[in-house]
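Visitor:
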Amino acid sequence: MYHLPPIYTRPPLRYSINSNNNHIAAPQLITSDYYLSKSAQPSVHVPDPTHRQLVILDLNGTLVSRINNGMYVRPYQDLFLDYLFKWFDVMVWSSAQPHSVANMCRLFGSRQPVCIWDRRCFQLSGSQYNGKFPTIKNLEAVWWAFDQGKKYEAHNTILIDDSSHKSIMQPYNAIHISTFHHRDSRLVNEGDKELIHVMEYLEELRKQSNVSNYIRHHPYKSSSSPSTTTTTEHPHEHQVYFYDYTTGERELVDLRSLVSIHKADPPPSSSSSPSSLPIAIETSSIETPSTMHTL
């Protein structure tokens, strides 16, 4: 049976917020001059890096496609996760609620992220917490949480997320990948090689002295982008693991076999436009629930 590692923590007391409406308005969501200056510092190729960079993983839509009683995980998950945990420190940052995050973290198996943040780490009102409220991932909260910015900073942090608006405050620290959904017709027809593509990009990125500068000048291009060409065939691009929350087991299935299974299901609902809704930033002025604790 899978047990969620006891590694919850929370953002530190650092950011202020409007107490009247519990969110920071979109016009205030700007990239700081300090961050821009850091990302402008040239990156140097380091053939044999001695320091591990931090990779922050989103879950739903990035690695996972959820259904009521389980989840499908993107093709090549084990290859990707083995690579990731070998070369990087890995953290989870999800806007999903705690029970959903706990279920999705089954995909890690015995691998343990250094930290997991869920929806409780957002400054949200009750209605915002329980509704579909767009959020922003301010990486300064992460940097401050780890030794007040002395361990991780703009030069060694990578966010992997399928939502580009999540990284509006630190745009040059993000890898924006295509959204994964097990009933996406493109994935069913063509398969999914996104995680293979990400690993190829990370292999260069982990040897950079300043990832924000490298991403600024060489942004990631999704494998689904028309400008991206792949010459290598990947025989398992239709194979995904299905995790059954009820039994606690996982089963290898083929994406193409899911078409008939879900034929009567409604299509995935489109997400709300981030520009038309108020946005909340991950902040620190929240109490730590009893179920959350640090290492």
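FYI, in this note's numbering the residues of the sequence shown are 279 to 573. Glycine included, each C-beta is placed from N, C-alpha and C at the ideal position. Note that the coordinates shown come from a computational prediction; the quantities given were computed from them, not determined experimentally.
1. Against chain D, with Cβ distances strictly below 8 Å, would Glu529 count as a contact?
2. Keeping to the same chain, check which residues put their C-beta closer than 7 Å to that of Thr524; ignore five residues upstream and five downstream.
3. Which whole-angstrom value is the C-beta distance of Pro379 and Lys485, which I expect to be below 8 Å?
4. I'd like to confirm the pairing. Which residues does DSSP put opposite Cys393 in its beta bridges?
5. What's the gap between the Cα of Ser445 and the Cα of Ser456?
6. With DSSP as the reference, label Ser388 as helix, strand or coil.
7. Just the Cα atoms here: how many angstroms apart are Tyr407 and Asp326?
8. Thinking just about the alpha-carbon of each residue, which of Arg398, Met369 and Ile493 is nearest to the one in Gln390?
9. Alpha carbon to alpha carbon, what distance is there between Ser373 and His336?
10. Given a cut-off of 8 Å on the beta-carbon distance, is the pair Phe363 and Leu332 in contact?
11. Going by CA-CA distance only, name the one from Leu533, Thr435, Ser500 and Asn488 that's closest to Ser321.
12. Are Gly339 and Asp425 closer than 8 Å when you measure CB to CB?
13. Could you work out which residue in Lys471, His475, Leu480 and Tyr479 is closest to His516 when comparing CA atoms only?
14. What does DSSP give as the partner residue(s) for Val537 in the beta ladder?
15. DSSP three-state label for Arg484, please.
16. Tell me where the beta strand (DSSP E) around Tyr407 begins and ends.
17. So the beta strand (DSSP E) Tyr450 belongs to, where does it begin and stop?
18. For Val344, which residues does DSSP report across the bridge?
19. Sorted by chain position, which residues of the same chain lie with C-beta nearer than 6 Å to Leu437's C-beta, five sequence neighbours on each side aside?
20. May I ask you to list the residues that DSSP assigns as paired with Thr525?
21. From Leu357 to Thr309, what distance separates their C-alpha atoms?
22. Just verifying my parser: in three-state terms, what is the DSSP assignment at Val322?
Guide: Taking the coordinates as given:
1. Any reference to chain D falls outside this structure, which holds one protein chain only.
2. Taking the sequence shown and counting its residues from 1, one reaches residue 524 at position 246. Cβ within range, chain order: Asn347.
3. Translated into the one-based positions of the sequence shown, residue 379 becomes position 101. Translated into the one-based positions of the sequence shown, residue 485 becomes position 207. The residue you asked about is not Pro; residue 379 is Val in the sequence shown. Not quite, the Cβ-Cβ distance comes to about 31 Å (not below 8 Å), so this is no contact.
4. Within the sequence shown, residue 393 is the residue found at index 115, counting from 1. Answer is Met369, bridged to Cys393.
5. Here residue 445 refers to the residue found at position 167 when the sequence shown is read from its first residue. Here residue 456 refers to the residue found at position 178 when the sequence shown is read from its first residue. Approximately 15 Å between the Cα atoms of the pair.
6. Counting from one through the sequence shown, the residue named residue 388 turns up at place 110. Looking at Ser388 - three-state DSSP - the assignment turns out to be coil, as it is neither helix nor strand.
7. On the sequence shown, residue 407 is found 129 positions in, with the first residue counted as 1. On the sequence shown, residue 326 is found 48 positions in, with the first residue counted as 1. Cα-Cα distance, rounded: 44 Å.
8. What you label residue 390 is simply residue 112 of the sequence shown in a count that begins at 1. Closest by alpha carbon: Met369.
9. As a working note, residue 336 is residue 58 in the sequence shown. As a working note, residue 373 is residue 95 in the sequence shown. A small correction: the amino acid at residue 336 is Asp; His does not occupy that position in the sequence shown. Roughly 8 Å between the two C-alpha positions.
10. Along the sequence shown, read from residue 1 onward, the residue named residue 363 stands at position 85. Along the sequence shown, read from residue 1 onward, the residue named residue 332 stands at position 54. No, the Cβ-Cβ distance between Phe363 and Leu332 is not below 8 Å.
11. What you label residue 321 is simply residue 43 of the sequence shown in a count that begins at 1. Comparing Cα positions, the closest option is Asn488.
12. Within the sequence shown, the letter at position 61 stands for residue 339. Within the sequence shown, the letter at position 147 stands for residue 425. Not a contact, by the Cβ cut-off of 8 Å.
13. Here residue 516 refers to the residue found at position 238 of the sequence shown. The shortest Cα separation from His516 among Lys471, His475, Leu480 and Tyr479 belongs to Lys471.
14. Along the sequence shown, read from residue 1 onward, the residue named residue 537 stands at position 259. None, per the DSSP bridge assignment.
15. Reading the sequence shown from its first residue, position 206 is the one you call residue 484. Correct three-state label for Arg484: coil.
16. The residue labelled residue 407 in the question sits at position 129 within the sequence shown. Taken as a continuous stretch (DSSP letters only), Tyr407 belongs to no beta strand (DSSP E), being part of the alpha helix (DSSP H) at Gly404 to Asn408.
17. Position 172 of the sequence shown, counting from 1, holds the residue named residue 450. No beta strand (DSSP E) contains Tyr450, which DSSP labels as neither H nor E.
18. Along the sequence shown, read from residue 1 onward, the residue named residue 344 stands at position 66. In the sequence as displayed, the identity of residue 344 is Arg instead of Val. Answer is Met349.
19. Position 159 of the sequence shown, counted from the start, is the residue given in the question as residue 437. Excluding residues within five positions, the ones whose Cβ falls inside 6 Å are Ile334, Ser445, Asn451 and Ala452.
20. The residue you call residue 525 lines up with position 247 of the sequence shown. None; Thr525 has no bridge partner.
21. Translated into the one-based positions of the sequence shown, residue 357 becomes position 79. Translated into the one-based positions of the sequence shown, residue 309 becomes position 31. Near 34 Å, if we compare the C-alpha coordinates of Thr309 and Leu357.
22. Start at 1 with the first residue of the sequence shown, and residue 322 comes out as number 44. Three-state result, Val322: coil.
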